[in-house]
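Okay, so the sequence shown: first residue is 136 according to our numbering, each after it adds one.
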Amino acid sequence: MEVSEQTLGRWRKQYRGMGDEDIRRHKALEEENRRLKKAVADLTLDKQILKEAPEGKD
136 MEVSEQTLGR WRKQYRGMGD EDIRRHKALE EENRRLKKAV ADLTLDKQIL KEAPEGKD
């Protein structure tokens with residue numbers, strides 16, 4: 136697997152000066168952010184489906 140020079144440069148810039156614990160915390164926050172974005176997208180879709188569903192009237 137090869138990594139481009141551009142990607143290496145971006146990683147170096149992003150993680151420069153960070154210790155191991157900082158990097159772990161950063162990655163954990165990125166993962167949490169990804170999960171939260173997915174949850175928001177799912178809830179937005181659910182809301183749209185419910186909005187478009189016909190109301191049940193007895």
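For each residue, glycine too, the CB sits at the ideal point set by N, CA and C.
At which residues does the alpha helix (DSSP H) containing residue i begin and terminate?
i, result
"Val175", "Asp155 to Glu187"
"Glu140", "Glu140 to Tyr150"
By alpha-carbon positions, which one of the options ends up nearest to residue i?
i, options, result
"His161", "Trp146, Glu187 and Val138", "Trp146"
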